[in-house]
Amino acid sequence: YHHRDGTETLVFDGLDDNIRNPVYCDSGHVLFRKDGPNDGVWAVPYDPDSRQVGGEPFLVVSEGLWPSVSGDRTLLCATGSGVLNWQLVRCNRSGQVVATYGEAQDVTPFFALDPRGERVVLSVRDGESTQLWMLDLVRGTQSRLTFDDDHYLAACWTRDGMFVIASGGPSTSAQSLELHRFSVEGLVPPQVLGTGHFPAMSPDDGALLHTAFEEEGGWNLLSMGLTAPDGAQAPLQVSSDPVRVAAGSSWQYGGTISPDGGLVAYVSLETGRDEVYLRRYPQGDQKRQVSVDGGGWPQWNGTGDQLYFMNGLNVVEVAVERQPAVRLGTLKTLFTRERGEDQNGVGWPLYLQVSADGESFFMLYQADEEKGNRPLMVVERWNGQ
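Heads up, the sequence shown is in my numbering, so the first residue is 254 and it goes up one at a time.
Okay, here's the thing in structure tokens:
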């Protein structure tokens, strides 16, 4: 909007897109940042004297940020290209950052907190591959877990804390990802359990929940049985017929099983928007919608009577009663992230992990956003083209 002499004039209507950082250039244009499709720095012809829009808006700098124009029409803006480093932080129930861990680094949006809340597995990019690293939250040290040329994108811990299950492979294509089992102590050789993405273990480590592509449907939520006839420190046997827990033509992902093993919370895109749902596990029936205005990455507390998920920048809590039947409480927004976008860079909802006591919330904050560490673009004598 243009405000002048008590009058408000609409310059550009972004509809569902977020519009920010408007500046005026004496070429007769208003420049601004537009989020959403074709994000970047845009411009629209505008005469502030007549308060008339003189044409259609157009893209100036793809993925541009924070435009600024000098008196000689030198355009300066940051760009969204380049490496973005992320810092692991811990927030309390009020959203205050109470601890930061490790160094800011180039990681995937997904990480895994161990059952005791003392270690986190990160997927760290090094330019040629994406490797698993284990960050000790108590000692502050970081050690490498995998040593190959593959890309490991998402991981989970076994409940005993002895193994990490990760989706990965030579390609980052979701359809080609395999589920790998790694011994944290290196006592057992790595084992491929099957194909899939976004793994999550059952409370007894006897089943692995994951998302997998099925030709007759889509990206479905499956559960594969796991047995250890020779003990945990040996290769596992995998059931030949995975159980289909949730299926549909869209993505079903981010599944997590309740501590008592009787419910599964997950995310589905069936309405065209990420929403959190609840079903019985492993039957997959008695479906309930949990979120009402978008939701991602549900997490249980240690007793299974509270569920947490992301809603844009908001962390939401909901009570889950089990007796005499499953009943959901009122949604409660605990806090809003201090900074960040509603989604991460590849379109997934923002990720989080929650401690068993429901008091600590682990997230990735973009370090570059705070430090201004982005490439800059300069355009001299910009004339509206």
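All residues carry an ideal CB built from backbone N, CA and C; glycine is no exception.
| Can the beta-carbon of S476 be found less than 8 angstroms from the beta-carbon of V498? | yes
| message | For M477, list the residues DSSP reports as bridge partners. | response | L461
| What separation, rounded to the nearest whole angstrom, lies between the Cα atoms of N636 and R378? | 40 angstroms
| query | What span of residues does the beta strand (DSSP E) with N564 cover, start to end? | reply | Q559 to N564
| said: Closer than 8 angstroms is the cut-off here; do at least three beta carbon pairs connect the region 294 to 309 with the region 266 to 282? | reply: yes
| Excluding sequence positions up to five away, which residues of its chain have a Cβ less than 6 angstroms from the Cβ of S396? | M387
| task | Would you tell me roughly how many angstroms separate the C-alpha atoms of R526 and W339, rounded to the nearest one? | result | 26 angstroms
| Just the Cα atoms here: how many angstroms apart are G267 and R286? | 10 angstroms
| query | In the structure shown, what three-state DSSP assignment does S429 receive? | reply | helix
| request: Could you give the DSSP three-state label for G625: helix, strand or coil? | output: Unreliable positioning characterises G625 in this predicted model, as indicated by a pLDDT of 49, which lies under 50. The coordinate reading is nonetheless provided below. Residue state, collapsed to three classes: coil.
| said: Tell me the residue span of the beta strand (DSSP E) that contains L318. | reply: G317 to V322
| Could you give the distance in angstroms between the alpha-carbon of R580 and the alpha-carbon of R532? | 12 angstroms
| query | Which value, in whole angstroms, describes the spacing of the CA atoms of V264 and L566? | reply | 28 angstroms
| query | Since E574 is in the beta strand (DSSP E), which residue starts that stretch and which ends it? | reply | N567 to E574
| query | In the structure shown, what three-state DSSP assignment does A609 receive? | reply | coil
| said: Within 10 Å of its beta-carbon, does D457 have 16 or more other beta-carbons around it, so buried, or fewer, so exposed? | reply: exposed
| request: Tell me whether A487 sits in a helix, a strand or coil according to DSSP, three-state version. | output: coil
| Got a sec? Which residues, its chain only, sit under 7 angstroms from F311 by beta carbon, not counting five neighbours each side? | W295 and A296
| task | Figure out for me which residue from G471, S492, L341 and N473 has the closest Cα to the Cα of G459. | result | S492
| field | Contacts around G348, its chain only, beta-carbon distance under 6 angstroms, and the 5 residues preceding and following it disregarded | value | F588
| query | Once you ignore the five residues that flank G611 on each side, which residues in its own chain have a CB closer than 8 angstroms to its CB? | reply | R346, N554, G555, Q559, Y561 and E570
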